[in-house]
Amino acid sequence: MPEADACAIQSVFQPHRGHSYGAPKRRATKRTGKLSDQSTPNTPLVRFCDKVGIPYPMFWGFVGLLIFMIGDGVELGYLSPFLSERGMPGDEVAMIFTIYGVTVGISSWLAGALSNIWGPKRVMFLGLIIWSVFEVLFLVYGLQELSYSMILLTYGLRGFGYPLFAYGFLVWIAASTPSRKMGMAVGWFWVAYAAGLPMLGSLVASIAIPLIGALLTFWLSFALVVIGGVIGLVGMR
1 MPEADACAIQ SVFQPHRGHS YGAPKRRATK RTGKLSDQST PNTPLVRFCD
51 KVGIPYPMFW GFVGLLIFMI GDGVELGYLS PFLSERGMPG DEVAMIFTIY
101 GVTVGISSWL AGALSNIWGP KRVMFLGLII WSVFEVLFLV YGLQELSYSM
151 ILLTYGLRGF GYPLFAYGFL VWIAASTPSR KMGMAVGWFW VAYAAGLPML
201 GSLVASIAIP LIGALLTFWL SFALVVIGGV IGLVGMR
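In terms of the numbering used here, the sequence shown is residues 1 to 237.
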């Protein structure tokens, strides 16, 4: 949804003054007056992050985002045929995805706006909770019962989840990354986002469905999102 993404990105680069959003503590060096990290260890991971342009304190945030988006993208290619094969009319399937798209669009804007008010970590946590709660309701009361009204409600409300998590993290990147690394850090955000949602998510589904079946693959999606969300939130420094 290009318009939704554009709205989120416009909000990203206008954080409130004074919000550090979990940025690492830094001090000015005597020679250059530039900010430098106080206690960053000199490890292979730190050197790798420095080479590729990933801010080291946010490394696990990128890993968490990738896993989260893989989980979110698992159903991307097979939810529609799954519903159609079980007798749901095409116009009802289309309405489900339309409502989902609307909530994703609204949430994409809210991610930036709410991050300015609450800070991106809280927004990411809210996104994880929304996604997880409504995914469980969607699977238990929607898909298993094949209830159109419950699918429409729970899947639609679940659409508020991933933009709050993903674009909240983008706000965090924009607020915490030094300007010299900003371009590469934002680029890595889109790598993790795109690799997870349309590409690796569909790959996981294509492998999992023949092995464990369609319904259990939905639960695998849920597990991946929770794991990615926890890694992203706990691993950030």
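Quick reminder that beta carbons are idealized off the backbone N, C-alpha and C, glycines included. Nothing here was measured: the structure is a model prediction, and the numbers come from that model.
Alpha-carbon spacing of Val136 relative to Val226, whole angstroms:
12 Å
I need the DSSP call for Gly87, collapsed to helix, strand or coil.
coil
Does the segment 162-173 come close enough to the segment 54-72 to have 3 or more Cβ pairs within less than 8 Å?
yes
Which parts of the segment 123-164 are runs of the alpha helix (DSSP H), unbroken and 4 residues or longer, counting only runs that do not cross its ends?
148-158
Buried or exposed for Gly232, going by 16 or more other Cβ atoms inside 10 Å?
buried
Is the Cβ-Cβ distance between Ala111 and Tyr193 less than 7 Å?
no
Considering only the beta carbon of each residue, do Leu128 and Phe165 sit closer than 7 Å?
yes
When we look at the beta-carbon of Ala94 and count the other beta-carbons within 10 Å, is it buried (16 or more) or exposed?
exposed
Cβ shell of Pro163 (< 8 Å), same chain only, five flanking positions each side left out:
Ala4, Ala8, Val104, Ser107, Ser108, Leu110, Ala111 and Gly127
Measure from the alpha carbon of Trp188 to the alpha carbon of each residue in Thr43, Cys49 and Asn42, then state which is nearest.
Cys49
Cβ contact (3+ pairs, closer than 8 Å) linking the segment 179-188 and the segment 154-163:
no
Quick one: using the 10 Å Cβ neighbour count with 16 as the cut-off for buried, is Ala205 buried or exposed?
buried
So, is the C-beta of Leu139 closer than 7 Å to a C-beta in chain B?
Protein chain content of the structure displayed is limited to a single chain, and chain B is not contained in it.
Please check the pair Phe68 and Gly196, which I expect to be a contact at CB under 8 Å, by giving their CB distance rounded to whole angstroms.
7 Å
Closest by C-alpha distance to Met88, when choosing among Gly101, Ser115, Ser147 and Thr154:
Ser147
Residue burial classification, Asp91 (beta-carbon count within 10 angstroms, cutoff 16)
exposed
Run the CB neighbour count on Ser115, radius 10 Å, all protein chains shown included, and call it buried at 16 or more, exposed below.
buried
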